[in-house]
Amino acid sequence: MGRRAYHAAVFHLMVVNFPYALAAWIYLFVFTLTGTTLLITLPLGALLCFLDLLGARAFARGELALQTKFHGPLAYPPPYPPRPIFQRTRLSEVEFGQQPSVQYENSFYKNTYAMFTDATTYQALFYFLVIKPSITFFVSLTLVVLVPVSYVLVLPAPLMLRFVRKLGIWQANVAVEGLYHEVS
């Protein structure tokens, strides 16, 4: 009952997971709704959509960092290096006698276009608006009821800790699949 991995999973699922999911859902829901509604006033709507997609990518990076920190081993290796939030990479111009190397794109327009056309941006949006809220709601509700009771009764606590750890690994795998793996 003293292993750190079990208590880290309980801490993440009962303390960190719900506020993070709620903040992501509120931010993305408000910006998606207002951004698409205000697209009729093009500059304002486009700016809100830009902030929405930028927020989705930032939340996705944070979610992957949280999941890999608190849960493991996962079925998939964590993305390394993590996907960029805004700046895309490209191969350098091949000149005579030089090896091609990876460089960061400096053009704001090209980075914005790449973010708007990248499928992983919309995967993150879908994950945080549809998948994460339902998983988080039911997992949090279940754990708020069962974990304190198991600690009070002492005897079922080790079994509950194992259950919470396996539940945490499962939802971390769902997060990695939903945010990192591209849909073909």
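The sequence shown: position 179 = 178 (numbering that gives the first Met the number 0), numbered continuously. Note that beta-carbon positions come from the ideal geometry of N, C-alpha and C, so glycine has one too.
Residue 43 burial status per 10 Å Cβ neighbour count (16 or more: buried): Residue mapping note: residue 43 aligns to position 44 of the sequence shown, counting from 1. The residue in question, residue 43, is exposed, as its Cβ has fewer than 16 Cβ neighbours within 10 Å.
Beta carbon proximity, residue 46 to chain D, threshold 8 Å: The question asks about chain D, but that chain is absent: this structure has only one protein chain.
Presumed contact (8 Å Cβ cut-off) between residue 47 and residue 34, rounded CB distance: Here residue 47 corresponds to residue number 48 of the sequence shown, with the count starting at 1. Here residue 34 corresponds to residue number 35 of the sequence shown, with the count starting at 1. Contact holds; Cβ gap of about 3 Å.
Own chain partners of residue 131 with C-beta closer than 6 Å, once the 5 adjacent residues on each side are dropped: Residue 131 sits at position 132 when you count from the first residue of the sequence shown. Same-chain partners within the cutoff: 20.
Residue 79, enclosing alpha helix (DSSP H) - first and last residue: Taking the sequence shown and counting its residues from 1, one reaches residue 79 at position 80. Unbroken run through residue 79: none, as it is neither H nor E.
Pair within 8 Å by beta-carbon distance, residue 12 and residue 163: Along the sequence shown, one-based indexing puts residue 12 at 13. Along the sequence shown, one-based indexing puts residue 163 at 164. Yes, these two residues count as a Cβ contact at 8 Å.
Touch test, the segment 57-77 against the segment 169-182, Cβ-Cβ under 8 Å, three pairs minimum: yes
Three-state secondary structure (DSSP) of residue 86: Your numbering for residue 86 matches position 87 in the sequence shown. It is coil, neither helix nor strand.
For residue 98, three-class secondary structure by DSSP: In the sequence shown, residue 98 corresponds to position 99, counting from 1. Coil at residue 98, not helix or strand.
Neighbourhood of residue 30 by C-beta distance below 8 Å, restricted to the same chain and skipping five residues each side: As a first step, residue 30 must be located in the sequence shown, where it is residue number 31. Answer for residue 30: 47, 48, 50, 51, 54, listed in chain order.
When 165, 39, 41, 180 are compared against residue 126, the one with the closest alpha-carbon: For this step, residue 126 is matched to residue 127 along the sequence shown. When only C-alpha atoms are compared, the closest one is 180.
Terminal residues of the alpha helix (DSSP H) in which residue 56 lies: Your numbering for residue 56 matches position 57 in the sequence shown. Start and end: 41-69.
Per-residue DSSP class, three states only, for residue 121: For the purposes of this step, residue 121 is taken as the residue at position 122 of the sequence shown. Residue 121: helix per DSSP, three-state reduction.
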